[in-house]
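Worksheet for the structure shown next.
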Amino acid sequence: FQFVCEIQVEITLLNDNGPYRVFDKVFHIVREETKLLTSVDLKYADPDIETRSKDIEFRSVTCNNGELFRNGKLVEYFTQDDLDNRRLIFQHNGTDQGKLSF
């Protein structure tokens with residue numbers, strides 16, 4: 001015997017929305033000083049179900065006029081949770097204007 005049937009499949013996408021920047025702001029710092037980098041300065045949100053702030057990662061951090069530290073150690077990546085909980089310090093050095101990229 002051979003049975004033939006048609007099966008209907010319905011797919012519901014979950015977690016298909018990308019993160020978005022909540023606001024766009026310039027980060028000001030005094031030359032050769034340090035300053036906290038927090039969620040007041042940089043904030044992304046993700047509308048997907050169950051996305052936590054520690055799931056939003058900023059990677060490949062580079063800067064031409066300073067360095068970013070977490071707990072006294074130079075960072076290569078950080079999370080929105082680090083920003084929310086005020087764990088990041090930016091140390092300015094070099095030129096007056098620069099760019100922090102990730």
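All the letters of the sequence shown, read from the start, carry residue numbers 1 to 102 under our numbering. Glycine included, C-beta positions come from ideal geometry on N, C-alpha and C.
Determine the burial state of residue i: buried for a count of at least 16 other Cβ atoms within 10 Å of its Cβ, exposed for fewer.
i, result
"Leu88", "buried"
"Thr95", "exposed"
"Gln80", "buried"
"Leu83", "buried"
"Phe27", "exposed"
"Leu37", "buried"
"Phe3", "exposed"
Between which residues of its own chain and residue i is the CB-CB distance below 7 Å, once the five residues before and five after are set aside?
i, result
"Ala45", "Pro19, Tyr20, Val22"
List the DSSP bridge partners of residue i.
i, result
"Arg21", "Tyr44"
Taking 8 Å as the limit between beta carbons, can you name the residues of its chain near residue i, skipping five residues before and five after?
i, result
"Val61", "Leu68, Val75, Glu76, Tyr77, Phe78, Leu100, Ser101, Phe102"
"Asn64", "Gly94, Thr95, Gly98, Lys99"
Give every residue of the same chain whose Cβ lies closer than 6 Å to the Cβ of residue i, excluding the five residues on either side of it in the sequence, and list them in chain order.
i, result
"Lys43", "Val22"
What distance in whole Å lies between the Cβ atoms of residue j and residue i, which are believed to be in contact at a cut-off of 8 Å?
i, j, result
"Gly66", "Gly98", "7 Å"
"Ile49", "Asn15", "6 Å"
For a minimum of 3 consecutive residues, which ranges assigned as the beta strand (DSSP E) are wholly contained in the stretch 52 to 93? 57 to 59, 66 to 70, 77 to 79, 88 to 92
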